[in-house]
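Data first, discussion second: the structure below is written as structure tokens.
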Amino acid sequence: MSPSISRRGAALLTIATTAVLTTAVPAHAAPSGPATPTGLWASTIGTGISLAWEQPRSGPPATSFRVYENDQVTARVSTTAAYLEVPFGSTHTYTVAAVDDRGRESVRTAPVTGRSWQYGYNPECMPASGVTITAADITATGFSLSWTRHPLGGDLELRVDGRSLGPISATGARVGGLTPATDHQVVLYRPNRCHTGPGGIVPVGSLTVTTGTGSATPPQPPTGLTVTGRSDSSVGLTWTAPPGPRPARYAVYDGATLAAVTGGTSVTVGRLHHATWHRFTVAALDAAGNESAHTAAVTTGTETCLSSPPRTATPVATALSASSVRLSWSLEAAATSYTVLDRDTAVATTRYPEIVLTGLASASQHVYRVVATLPQACGDTPRSRRTAVTTLDGPAARPAAPTGLAVTENVPGAWPSGAQLTLAWSAVAGGAGYRLYEGAQVVGETTGTSLTLPVGAATTHEYAVVTLDAAGLESTPSARVTVRATYMPPP
Numbered sequence: 001m002s003p004s005i006s007r008r009g010a011a012l013l014t015i016a017t018t019a020v021l022t023t024a025v026p027a028h029a030a031p032s033g034p035a036t037p038t039g040l041w042a043s044t045i046g047t048g049i050s051l052a053w054e055q056p057r058s059g060p061p062a063t064s065f066r067v068y069e070n071d072q073v074t075a076r077v078s079t080t081a082a083y084l085e086v087p088f089g090s091t092h093t094y095t096v097a098a099v100d101d102r103g104r105e106s107v108r109t110a111p112v113t114g115r116s117w118q119y120g121y122n123p124e125c126m127p128a129s130g131v132t133i134t135a136a137d138i139t140a141t142g143f144s145l146s147w148t149r150h151p152l153g154g155d156l157e158l159r160v161d162g163r164s165l166g167p168i169s170a171t172g173a174r175v176g177g178l179t180p181a182t183d184h185q186v187v188l189y190r191p192n193r194c195h196t197g198p199g200g201i202v203p204v205g206s207l208t209v210t211t212g213t214g215s216a217t218p219p220q221p222p223t224g225l226t227v228t229g230r231s232d233s234s235v236g237l238t239w240t241a242p243p244g245p246r247p248a249r250y251a252v253y254d255g256a257t258l259a260a261v262t263g264g265t266s267v268t269v270g271r272l273h274h275a276t277w278h279r280f281t282v283a284a285l286d287a288a289g290n291e292s293a294h295t296a297a298v299t300t301g302t303e304t305c306l307s308s309p310p311r312t313a314t315p316v317a318t319a320l321s322a323s324s325v326r327l328s329w330s331l332e333a334a335a336t337s338y339t340v341l342d343r344d345t346a347v348a349t350t351r352y353p354e355i356v357l358t359g360l361a362s363a364s365q366h367v368y369r370v371v372a373t374l375p376q377a378c379g380d381t382p383r384s385r386r387t388a389v390t391t392l393d394g395p396a397a398r399p400a401a402p403t404g405l406a407v408t409e410n411v412p413g414a415w416p417s418g419a420q421l422t423l424a425w426s427a428v429a430g431g432a433g434y435r436l437y438e439g440a441q442v443v444g445e446t447t448g449t450s451l452t453l454p455v456g457a458a459t460t461h462e463y464a465v466v467t468l469d470a471a472g473l474e475s476t477p478s479a480r481v482t483v484r485a486t487y488m489p490p491p
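1 is the number of the first residue of the sequence shown in full-length UniProt numbering; add one for each residue after it.
Take a look at the structure:
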């Protein structure tokens, strides 16, 4: 699944979870760190697991997020969603912590569990639980609504007293211009996609909200809400004042969140995350705080690419032998690949934040840096800081590298077990054996020219093979191959 801006509110950033370096981090939050993310949601269908969450605007701004499975970091992203590639038919439980620009973590969210799954028939036809709606900040003329995400995802239509406020991809909205001390009926609907033809809509949640007491008439609403500009962290808005007396102030809402209060008719809403969608509305307020009906909503996204992407952390280098060095690093954002440079020369590209570089000269010094390639055609990060390492002393001779590495079999297992991949390559004259790498992990050794590996169904893998000589020293790697394991959905 390629990353793209999601109408659920953020870019789904694909994270490879096989052979990826994980880092244990203490569960407690540093003092004065960012606020804990809210509304963490996990999908329950598909061949991976989608996560989405929201970040409060209070406290130090969050610059990135870490996704945990148990106490291990399994993904690092700079926006409020992630798509995790996991074995088909498996269940996983995650928490998320926000991280500020000083590396301080928030308290982690409550855990959520998702299952990678693809039903043999339309999941829309299966019974699904509804969503829970809550009301807050209730006044005589308005209230804020929030709800949990529907298990199947997608936009929900909000109706208040039978009036539609349109499809909403967010998990909340502010409603204004209401009559004091009155019951208001709130209903959320979702399209029924059970059948192949056009379907109707079905209610998935409802609530009755009673406005507070009061006697004032709400002011007239503003009109013409328009987006005037966007960056990777902000959205500019302008609107037209209502006729008659000038409102005392305007309240700008992003979903159900009060984003700004201003006396003018324009504002820039900041502290947003790149590649995220936002639903803005504006209401007029009188001197007593009574709230008009809101403008028609404007839904817009922040810029997809970061204006100042982070650089990868300084690589950690370890000399493994006279012919090999292990490198590992981290990046507080999603990446599609990483390029390793020895001084200014690119020497390897990998999808993992770790690699073993082989076929190096004995007692040779290397100065490594790493550049990450960002998803959605957002270019490369700045180069990491340098790290120097010297291989161990040893013989000068190295065997020739294998050629022709290819996947010869890609066999799904009997559901719901995993798959099997068979890789083969050409023999090297004089070679004592072969070692197969995935990232920095040795996944197999053999004296033959093929290996069969059990892997998670529907997971993606990148392999390289090296030749070993009698002393165990390694050749340079073969060309790398990437393969996605097949899977067999249930009947």
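Cβ coordinates follow ideal geometry from the N, Cα and C atoms, glycine included.
Predicted, not measured: the structure shown is a model, and the values here were computed from it.
Reference residue i; option with closest CA among the options
i, options, result
"T276", "R193, E303, G448 and G289", "E303"
"T223", "R386, A293, F88 and T139", "A293"
"Y463", "L405, L285, A432 and R383", "L405"
"residue 527", "A440, S144 and A42", "In the structure as shown, the chain begins at 1 and stops at 491. Residue 527 is therefore absent and cannot be evaluated."
"A216", "N290, R351 and L158", "N290"
"I138", "T132, L178, T148 and V99", "L178"
"G114", "P221, A98, T132 and P151", "P151"
"A424", "I355, G439 and T446", "T446"
"residue 494", "E332, P315 and V367", "Residue numbering for the chain in the displayed model covers 1 to 491; residue 494 lies beyond these limits and cannot be assessed."
Inter-residue Cα distance where the pair is residue i and residue j
i, j, result
"V443", "Y434", "11 Å"
"M488", "E124", "20 Å"
"L374", "A259", "29 Å"
"I49", "G394", "47 Å"
"S364", "T381", "28 Å"
"E474", "N410", "27 Å"
"S417", "G89", "8 Å"
"S234", "P218", "30 Å"
"Y338", "H184", "54 Å"
"T452", "L84", "25 Å"
"S321", "A400", "17 Å"
"T93", "L272", "27 Å"
"V227", "G176", "21 Å"
"P26", "D71", "Low confidence applies to P26: its pLDDT is 41, below 50, so where it sits in the model is not reliable, and the reading given next is rough at best. The straight-line gap from Cα to Cα measures roughly 8 Å."
"Y352", "V267", "41 Å"
"V261", "R163", "26 Å"
"A429", "G472", "15 Å"
"L165", "V209", "16 Å"
"V298", "R279", "6 Å"
"L357", "P477", "8 Å"
"S231", "R57", "17 Å"
"T396", "T318", "Residue identity check: residue 396 is Ala in the sequence provided, not Thr. Using only the alpha carbons, I get a separation of about 20 Å."
"A98", "E69", "15 Å"
"D155", "T148", "12 Å"
"E157", "T300", "17 Å"
"L225", "R484", "46 Å"
"T182", "P167", "25 Å"
"T361", "V316", "The question names Thr, but residue 361 is Ala in the sequence shown. Between A361 and V316, the C-alpha separation is close to 20 Å."
Nonlocal neighbours in the same chain, by C-beta distance under 6 Å from residue i, ignoring five residues either side
i, result
"A29", "The predicted model places A29 with a pLDDT of 44, which falls under 50 and marks its position as unreliable; any figure quoted below should be read in that light. Taken in chain order, the residues that qualify are E105, S106 and V107."
"V347", "V340"
"G229", "G236"
"I201", "Y189 and P191"
"A313", "W329 and S330"
"C305", "C378"
"V187", "R159, P203 and S206"
"R311", "T381, P382 and S384"
Residue range of the unbroken beta strand (DSSP E) whose run includes residue i
i, result
"H274", "Segment: none, H274 is in no beta strand (DSSP E) and carries neither H nor E."
"A251", "R249 to D254"
"R355", "In the sequence under discussion, the amino acid at residue 355 is Ile, which differs from the Arg named in the question. Looking at the DSSP string, the run of the beta strand (DSSP E) that includes I355 is E354 to L357."
"Y437", "G433 to E438"
"P309", "P309 -> no beta strand (DSSP E), and no H or E assigned at all."
"G342", "A quick correction: the sequence has Asp, not Gly, at residue 342. Here the beta strand (DSSP E) through D342 covers S337 to D342."
"N410", "A406 to P412"
"E332", "From DSSP, E332 is part of no beta strand (DSSP E); its letter is neither H nor E."
"E445", "Q441 to T446"
"R484", "V481 to R484"
"P454", "S450 to V455"
"H461", "T460 to L468"
"W53", "G48 to E54"
Spatial neighbours of residue i in its chain, beta-carbon cut-off 8 Å, leaving aside the 5 residues before and after
i, result
"E54", "G9, P37, T38, G39, T80 and T171"
"G263", "A248, R249 and Y250"
Chain-order list of residues whose beta-carbon lies under 7 Å from that of residue i (same chain, five-residue window excluded)
i, result
"G130", "V204 and G205"
"R174", "G142, S144, Y253, A256, T281 and H294"
"A427", "T449"
"A470", "A432"
"residue 492", "This structure leaves residue 492 out entirely; the chain is present only between 1 and 491."
(request) Please go through the region 173–257 and give each complete beta strand (DSSP E) segment of 3 or more residues, from N-terminal end onward. (result) Counting only runs of 3 or more, we get 183–191, 201–210, 223–230, 235–240 and 249–254.
(message) Threshold first: 3 residues or longer. Then list the beta strand (DSSP E) segments lying entirely within the region 65–151, N to C.
(response) Counting whole runs of 3 or more residues, the region 65–151 contains the beta strand (DSSP E) stretches 72–77, 81–85, 91–99, 112–115, 133–136 and 143–147.
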